[in-house]
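Here full-length UniProt numbering is used: the first residue of the sequence shown is 1, the next is one more, and so on.
Note that CB positions come from ideal geometry on N, CA and C, so glycine has one too.
These notes are about the structure you will find just below.
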Amino acid sequence: MEELSKKDTASTPPEIFTAKKIFIMSDSNHRWLLKFFLLYALVVSITGEHAQNLPDKLSFLDTKLDLSHRNITRLQPRTFQPYPNLQILDLSYNALEDLDFSVFQLQTVLQKLDISHNRLRTMNCSSVHHIKGITHLNMSYNSFDTTFLCNEFASLTKLTHLGLSAGKIERSDFLNIAHQELQTVFLGFEHLQQYEAGSLQALHTEKLHVVLPQTLTDSTHLLYDDFNISTTLEISNIICEETCSDTVKQIYSVIQKSKVSKLILSDITMPWYQMARILQISWSSTVEHLSICRFTIIKEFEYEKFDFSAGSLKSLSIENVFPQVFLYGSVEHPIKILSEMFVENLTLSAAEISYFYCPPSLSIFHSLILTNNKLTDVIFEKCQTLCDTKLLNLQNNVLERLSRITSMTSTMKSLKHLDVSGNRLYSEFNNNCEWSPSLLVLNLSRNKLTDSVFNCLPIYLEVLDLSNNQLSSVGKEVHHLKALKELHLSSNQLSHIPDCSYLSKNVIYLSLDENLIYSPSKEQLTKCQNVKKIVLGKNKYRCNCELREFISSAEILHENLEGWPQSFICEQPQEHNGVMLKNFHPSEISCNVFILVGIIVGTMAVLLIFMFVLCKYFDLPWYIRMIFQWLRRKYRIRNVYNDEAIMSKCFHAFISYSQEDYEWVKKLLLPNLEKGDNSLKICHHERDFIPGKSIMENIINCIEKSFKSIFVLSPNFIQSEWCHYELYFAQHSLFGKNSDNLILVLLDPIPQYLIPSKYSKLKAIMKQRTYMEWPKDKRKHGLFWANLREAIQTNIALEEEEIFVLN
1 MEELSKKDTA STPPEIFTAK KIFIMSDSNH RWLLKFFLLY ALVVSITGEH
51 AQNLPDKLSF LDTKLDLSHR NITRLQPRTF QPYPNLQILD LSYNALEDLD
101 FSVFQLQTVL QKLDISHNRL RTMNCSSVHH IKGITHLNMS YNSFDTTFLC
151 NEFASLTKLT HLGLSAGKIE RSDFLNIAHQ ELQTVFLGFE HLQQYEAGSL
201 QALHTEKLHV VLPQTLTDST HLLYDDFNIS TTLEISNIIC EETCSDTVKQ
251 IYSVIQKSKV SKLILSDITM PWYQMARILQ ISWSSTVEHL SICRFTIIKE
301 FEYEKFDFSA GSLKSLSIEN VFPQVFLYGS VEHPIKILSE MFVENLTLSA
351 AEISYFYCPP SLSIFHSLIL TNNKLTDVIF EKCQTLCDTK LLNLQNNVLE
401 RLSRITSMTS TMKSLKHLDV SGNRLYSEFN NNCEWSPSLL VLNLSRNKLT
451 DSVFNCLPIY LEVLDLSNNQ LSSVGKEVHH LKALKELHLS SNQLSHIPDC
501 SYLSKNVIYL SLDENLIYSP SKEQLTKCQN VKKIVLGKNK YRCNCELREF
551 ISSAEILHEN LEGWPQSFIC EQPQEHNGVM LKNFHPSEIS CNVFILVGII
601 VGTMAVLLIF MFVLCKYFDL PWYIRMIFQW LRRKYRIRNV YNDEAIMSKC
651 FHAFISYSQE DYEWVKKLLL PNLEKGDNSL KICHHERDFI PGKSIMENII
701 NCIEKSFKSI FVLSPNFIQS EWCHYELYFA QHSLFGKNSD NLILVLLDPI
751 PQYLIPSKYS KLKAIMKQRT YMEWPKDKRK HGLFWANLRE AIQTNIALEE
801 EEIFVLN
């Protein structure tokens, strides 16, 4: 453990070393555990600081690994062993000082390796063969004195992109790769101190990018080689803060004999007049395409007059201009020089211009790109000299009135492609609706256009982009676009799929993603079945029954729906949020109201039938009726009777029955009511009639002295006249019709037609009064007697008087 370096110690978690000290001092029986911690510390020392800098989320199958800006100082032999499928590895902006390519011996598919911006001074050339399949290698901005392209680099036969930096360049530096046909070579020569003329001549590359040194006194030889190696040349870091004459002269001296057809000048700082001179030099050279990127204008900024009528330049691109001069002395604006150029393709982007001149004479501009500026509606107003312009791009400016744009294009007879996206355009057409008759592609995206824009569109359009506007519907006005092939309507406020019957039959592409289409219909989608590609995903779909038919149609037309099913996701309701429409399958019951009503009605019918059968089997109506009678009598007992009537009573109930029913009364009724405990006193004529009095007088007396009267009804009962008298007197006793003094017990059913007409009183009573039926089922007898006793029972004490019983 003493052999661990200080760096290893610093990079190893402190708890490991704490544990080691504890176990070293522990008993010898724990030596095996000590060995484990020593082995763990050894693994940490092997992986080193780099192990702690590996990304947390990395799998065996990952092909790309970014380890830039991690302060890695060295690579261990087994650092990349777990990742044999690496194809792209970025180790830039670290602190590597030496490199042995054997660390990549298991990365047999490695293609791109970036080790730029480190501190490399040496490399193990004998290990270069471990990266023989490499195509991109960037070794720039290290501490190499020379290019360090040793003999072994000749084995990198698949190399196409190479990045280098060095302090000095000699002719022999590039000989080892002279046989290789490269696509791009980057030479970061900011700190170049010495250059031997002709050194770069050994390179064979399609594109050469050279960062010019600021420390090299004479760059003529370097520039000469630059301009004669490849057809595409990029020169960076042209800084002329004090004087630029020498640099411009050097460029002028070599550009005349160069073979460069595409010249890129980037990261430039110089006065405008010096740049104008470079433009004029390029005009008479072999350069056909000139691109100027990241141009900072200093000192003077004045209009320069040159003759651009003859030359080989076909395209000029100026992007990212940073003017540090805001005043110009001449009458003409310096930017006018660009409108006077005879060049087919002109790009002026991110130059902070608010105006661009109409060419003073007939222009040959085929492509005019003026993006990311501050141009207003007056651009090219009444301009008649852009007759050959086919592409006009005014993207990301401050244009507002679309009517002025239409008027501007009306004079451009060759215009085919117009891009005015990313402005502030709104539609306010009156009668002025003029477009170039040749316009085929129109990009109006990212503006403030509403539905009225469809009232004025070029009739021969093939591609129309109205994405990112404020459209809420697409009306019949689109039917006049007979040649339309593509219609882009994404990121608007559309609530439904447009009626495709109004669209041209030539439409093959329709984008409707990121709108407000919550519940598209099957009919809307079916009408668009002739459109080959429909982009309808990324809408906030409301997954309910209304969407079911659309999903079934989408499954059939899925080849026409781009992004199906991954981009079609439910957002509402919450329980279905995140579910793909393809996996949304609502039940037939929840969506078909007729089936739902049928199931509910059927269930209720089955339930009613079940209840009916149940009631029939257990005779539940009888039990319910008995309970109701009990409750009713319970209530009336408390409210009906007055004190005087109660004090005159001697019996709880008087029993009236036919002699033929005597056995039932004697054996069942009386024993179950009286029960021998004197809780109920029943007036029975055999024992309670007073001797010597007439039958009629005894009946009246017993009814009056009884709290209630029980009548045992049966077919025999209606045949007895005495029973009829007893019923009559009981009904007209002290409490009358409004009392509950009559208790009718139906011993056997009595059909109404059997009751004689002279017993109309009995008919009336049976219709008006609720009677208790004697149940034939013995299981119901207990409830019957309890109910009858409850109907008779009172909480009022009867008067004590002597009662004579007949023998």
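Buried or exposed for residue i, please, with buried defined as at least 16 other CB atoms from any protein chain shown within 10 angstroms of its CB.
{"i": "residue 84", "result": "exposed"}
{"i": "residue 334", "result": "buried"}
{"i": "residue 601", "result": "exposed"}
{"i": "residue 225", "result": "buried"}
{"i": "residue 258", "result": "buried"}
{"i": "residue 531", "result": "buried"}
{"i": "residue 297", "result": "buried"}
{"i": "residue 609", "result": "exposed"}
{"i": "residue 621", "result": "exposed"}
{"i": "residue 404", "result": "buried"}
Express the C-alpha separation of residue j and residue i in angstroms, rounding to a whole number.
{"i": "residue 114", "j": "residue 216", "result": "27 Å"}
{"i": "residue 667", "j": "residue 771", "result": "21 Å"}
{"i": "residue 343", "j": "residue 361", "result": "13 Å"}
{"i": "residue 660", "j": "residue 723", "result": "12 Å"}
{"i": "residue 323", "j": "residue 73", "result": "42 Å"}
{"i": "residue 131", "j": "residue 78", "result": "16 Å"}
{"i": "residue 793", "j": "residue 603", "result": "45 Å"}
{"i": "residue 340", "j": "residue 64", "result": "49 Å"}
{"i": "residue 261", "j": "residue 314", "result": "10 Å"}
{"i": "residue 287", "j": "residue 117", "result": "33 Å"}
{"i": "residue 467", "j": "residue 406", "result": "19 Å"}
{"i": "residue 569", "j": "residue 486", "result": "25 Å"}
{"i": "residue 745", "j": "residue 713", "result": "6 Å"}
{"i": "residue 698", "j": "residue 779", "result": "37 Å"}
Among the residues of its own chain, which have a CB less than 7 Å from the CB of residue i, if the five just before and after it don't count?
{"i": "residue 414", "result": "387, 388, 389, 390 and 438"}
{"i": "residue 69", "result": "93"}
{"i": "residue 100", "result": "124 and 127"}
Taking 8 Å as the cut-off, decide whether the C-beta atoms of residue i and residue j are in contact.
{"i": "residue 535", "j": "residue 516", "result": "no"}
{"i": "residue 503", "j": "residue 463", "result": "no"}
{"i": "residue 284", "j": "residue 263", "result": "no"}
{"i": "residue 269", "j": "residue 240", "result": "yes"}
{"i": "residue 152", "j": "residue 128", "result": "yes"}
{"i": "residue 158", "j": "residue 133", "result": "yes"}
{"i": "residue 347", "j": "residue 312", "result": "no"}
{"i": "residue 718", "j": "residue 747", "result": "no"}
{"i": "residue 345", "j": "residue 375", "result": "no"}
{"i": "residue 586", "j": "residue 548", "result": "yes"}
{"i": "residue 176", "j": "residue 154", "result": "yes"}
{"i": "residue 254", "j": "residue 208", "result": "no"}
{"i": "residue 451", "j": "residue 421", "result": "no"}
{"i": "residue 554", "j": "residue 525", "result": "yes"}
{"i": "residue 98", "j": "residue 120", "result": "yes"}
{"i": "residue 673", "j": "residue 789", "result": "yes"}
{"i": "residue 514", "j": "residue 538", "result": "yes"}
{"i": "residue 305", "j": "residue 325", "result": "no"}
Helix, strand or coil, according to DSSP, for residue i in the structure here?
{"i": "residue 371", "result": "coil"}
{"i": "residue 64", "result": "strand"}
{"i": "residue 268", "result": "strand"}
{"i": "residue 661", "result": "helix"}
{"i": "residue 793", "result": "coil"}
{"i": "residue 195", "result": "strand"}
{"i": "residue 557", "result": "coil"}
{"i": "residue 808", "result": "Residue 808 lies beyond the range of the chain shown here (1 to 807); nothing can be said about it."}
{"i": "residue 615", "result": "helix"}
{"i": "residue 204", "result": "coil"}
Which residues in the same chain as residue i place their Cβ atom closer than 6 Å to its Cβ, once the five residues preceding and following it in sequence are excluded?
{"i": "residue 401", "result": "377"}
{"i": "residue 654", "result": "683, 702, 703, 706 and 709"}
{"i": "residue 205", "result": "182, 185 and 230"}
{"i": "residue 369", "result": "347 and 393"}
{"i": "residue 774", "result": "747"}
{"i": "residue 546", "result": "519"}
Tell me which same chain residues have a C-beta within less than 8 Å of the C-beta of residue i, skipping the five on either side of it?
{"i": "residue 448", "result": "424, 425, 426, 469 and 470"}
{"i": "residue 588", "result": "595"}
{"i": "residue 784", "result": "626, 772, 774 and 775"}
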